[in-house]
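Engineer: In this note's numbering, the protein residues as written are 108 to 261.
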């Protein structure tokens, strides 16, 4: 397999790929992908020097805030759920120094879950024995009947 392309072609490939990746498109379906460029570059080059899309496209690495700085920023937005975060993430208003997927970026830096990241109080559930007594008291006989009742337990 030959991967010989001019610098101009490489820049065009990178620009088109980045544009299509960012816009949910498929470069391989665009008609612009050379036949000697694999459709799934990340898979094909995985054990051949692959470092990630940003490296492959020649883009600088993102400089992200520390986990604590990111938490402070996100908490200032007063989101009440991770769904609200996802909507904000899609809005285009998120600063580039806050990762789109903080659960991945900060996994090894203290990530404890969305409630912690967003600054929401932890759920306070009844103890096992309390929950068991409550379920018996309202005569629940199957888990299907139980569905949707979690909010009433507090």
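We put the CB at the ideal spot given by N, CA and C, even for glycine.
Since this is a predicted model, take the numbers as computed values, not measurements.
Using the C-alpha atoms, what's the distance from residue 141 back to residue 225?
Structural biologist: Here residue 225 refers to the residue found at position 118 of the chain shown. Here residue 141 refers to the residue found at position 34 of the chain shown. In a straight line, the C-alpha of residue 225 is about 44 Å away from that of residue 141.
Engineer: Just the C-alpha distance for residue 230 and residue 173, rounded to the nearest angstrom, thanks.
Structural biologist: One-based indexing of the chain shown puts residue 230 at position 123. One-based indexing of the chain shown puts residue 173 at position 66. Each residue's alpha carbon lies about 26 Å from the other.
Engineer: What does the alpha-carbon distance come out to for the pair residue 131 and residue 242?
Structural biologist: Position 24 of the chain shown, counting from 1, holds the residue named residue 131. Position 135 of the chain shown, counting from 1, holds the residue named residue 242. Bear in mind that the predicted position of residue 131 carries a pLDDT of just 49, short of 50, making it unreliable; the figure below should be weighed with that in mind. Roughly 46 Å between the two C-alpha positions.
Engineer: Closest to residue 215 by CA distance: which of 175, 187, 222 is it?
Structural biologist: Against the chain shown, residue 215 aligns to sequence position 108. Looking at the Cα atoms, 175 is the closest of the given residues.
Engineer: For the stretch 185-203 and the stretch 149-162, state whether three or more C-beta atom pairs, one from each stretch, are separated by less than 8 Å.
Structural biologist: The answer is no - the stretch 149-162 does not touch the stretch 185-203, with fewer than three Cβ pairs under 8 Å.
Engineer: Report yes if the CB atom of residue 171 is closer than 8 Å to the CB atom of residue 206, and no otherwise.
Structural biologist: Residue numbering aside, residue 171 sits at position 64 when the chain shown is read from its first letter. Residue numbering aside, residue 206 sits at position 99 when the chain shown is read from its first letter. Yes, they are a contact pair.
Engineer: Just to confirm, is the Cβ distance from residue 157 to residue 189 under 8 Å?
Structural biologist: To locate residue 157, count along the chain shown from 1; it is residue 50. To locate residue 189, count along the chain shown from 1; it is residue 82. Cβ distance not < 8 Å, so residue 157 and residue 189 don't count as in contact.
Engineer: Grouping DSSP H, G and I as helix and E and B as strand, with all else coil, what is residue 179?
Structural biologist: As a position in the chain shown, residue 179 is number 72, starting the count at 1. Correct three-state label for residue 179: helix.
Engineer: What is the residue span of the alpha helix (DSSP H) that residue 221 lies within?
Structural biologist: The residue you call residue 221 lines up with position 114 of the chain shown. Residue 221 -> alpha helix (DSSP H) spans 221-225.
Engineer: If the criterion is Cβ atoms closer than 8 Å, does the pair residue 149 and residue 160 meet it?
Structural biologist: As a first step, residue 149 is located in the chain shown; it is residue number 42 there, counting from the start. As a first step, residue 160 is located in the chain shown; it is residue number 53 there, counting from the start. Against a cut-off of 8 Å, the Cβ pair of residue 160 and residue 149 comes out as a contact.
Engineer: Spell out whether any CB of chain C is found under 8 Å from the CB atom of residue 143.
Structural biologist: No chain C is present in this structure, which holds just one protein chain.
Engineer: Would residue 169 and residue 203 be called neighbours here (beta carbons separated by less than 8 Å)?
Structural biologist: Residue mapping note: residue 169 aligns to position 62 of the chain shown, counting from 1. Residue mapping note: residue 203 aligns to position 96 of the chain shown, counting from 1. Yes, they are a contact pair.
Engineer: Please list, in chain order, all residues of the same chain as residue 217 whose beta carbon is under 7 Å from its beta carbon, the five residues on each side excluded.
Structural biologist: The residue you call residue 217 lines up with position 110 of the chain shown. Closer than 7 Å at the Cβ level, and outside the excluded window around residue 217, lie 174.
Engineer: Rounded C-beta distance between residue 209 and residue 177? I'm assuming under 8 Å.
Structural biologist: Numbered from 1 along the chain shown, position 102 holds the residue referred to as residue 209. Numbered from 1 along the chain shown, position 70 holds the residue referred to as residue 177. Right, the Cβ-Cβ distance comes to about 6 Å (below 8 Å), so this counts as a contact.
Engineer: Between the Cα of residue 181 and the Cα atoms of 164, 165, 166, 200, which residue gives the shortest distance?
Structural biologist: What you label residue 181 is simply residue 74 of the chain shown in a count that begins at 1. With distances taken between Cα atoms, residue 181 lies closest to 200.
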